[in-house]
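Colleague: So the sequence shown is numbered by the numbering used here: it starts at 817 and just counts up by one.
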Amino acid sequence: TVPVAFILAVAAVGAATGGVRLLLAWWPAFALLALTVRLPYTWDFTLVRTLRDLTAVSGSRVLDALGYAHALVGNVIEVGARQLMVEDACSGVNSLFSTLACTVFLAGIAGRGAVHTAALLTAAVGWVFVANIARVVLVVAAAERGVDIAGGWRHDALGLFTYAIGLALTLSTDRLLLALSRPRPAAGAPTRPA
């Protein structure tokens, strides 16, 4: 409750000194602060478990589509005699919140509008999910080839790599949204100034 009280106090000071215009200008800061607030009750644990289970099931479906022989038991993917657990840390909750923070920072610095930002945040969630599924698939594919990347520095490096890919795809989506939102010249109008 202390972080929420702090955010509300900063908002009150902003409203008192600069009104609604200042609050609207400060929205990226408020959004970043909001990402630091822990979810109430046990919603944070529910979020982590949901992401973990969704990542395991989706990863298993992708492995099925790619033809990898495996079995999914709960959040454990069995490949032959090997058991690879999709743990809470592999659920992507850390990469999700850090990607959302980077996205909010980008949107605030670049002066993106509310619709653009909402679309970008939605895309960021999707790209993080795709990156985490890719990590699960790569761990299983490597295990089938006798390479262990399920733990240690290799697993950490793979996590950083897939995080970077998800973040790069989010930045690419920002550029796509900008291109789609540009007004198109009227038919027959010159595209360059004369």
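The beta carbon of each residue, even a glycine, is placed where N, CA and C say it ideally should be.
#1: Answer yes if the region 985–997 comes into contact with the region 919–938, meaning at least three C-beta pairs across the two stretches below 8 Å, and no otherwise.
#2: Check A887 in the structure and name its three-state DSSP category.
#3: What does V873 pair with, by DSSP beta-bridge criteria?
#4: Find out if the Cβ-Cβ distance for the pair V892, V956 is shorter than 8 Å.
#5: Can you look up L1048 in the DSSP assignment and give me helix, strand or coil?
#6: Let me know if L976 comes out buried or exposed under the rule of 16 or more other beta-carbons within 10 Å of its beta-carbon.
#7: How should G835 be labelled, buried or exposed, when 16 other C-beta atoms within 10 angstroms of its C-beta is the threshold for buried?
#8: When the Cα of S988 is compared with those of Y979, I965, G967, L936, which residue comes out closest?
Modeller: A quick look at the data gives this:
#1: yes
#2: Sequence index remark: in the sequence shown, residue 887 carries index 71 (1-based). In this structure, A887 counts as strand in the three-state DSSP scheme.
#3: Counting from 1 along the sequence shown, the entry for residue 873 is found at position 57. Its beta-bridge partners do not exist; DSSP assigns none.
#4: Here the question's residue 892 lines up with position 76 in the sequence shown. Here the question's residue 956 lines up with position 140 in the sequence shown. No, Cβ-Cβ distance for V892 and V956 is not below 8 Å.
#5: In the structure displayed, the chain extends from 817 to 1010; residue 1048 sits before or after that span and is not available.
#6: Residue numbering aside, residue 976 sits at position 160 when the sequence shown is read from its first letter. Result: exposed.
#7: In the sequence shown, the residue the question calls residue 835 occupies position 19. By the neighbour-count rule (16 or more Cβ atoms within 10 Å), G835 is not buried but exposed.
#8: Locating residue 988 in the sequence shown gives position 172, where the first residue counts as 1. That would be L936, whose Cα lies nearest to the Cα of S988.
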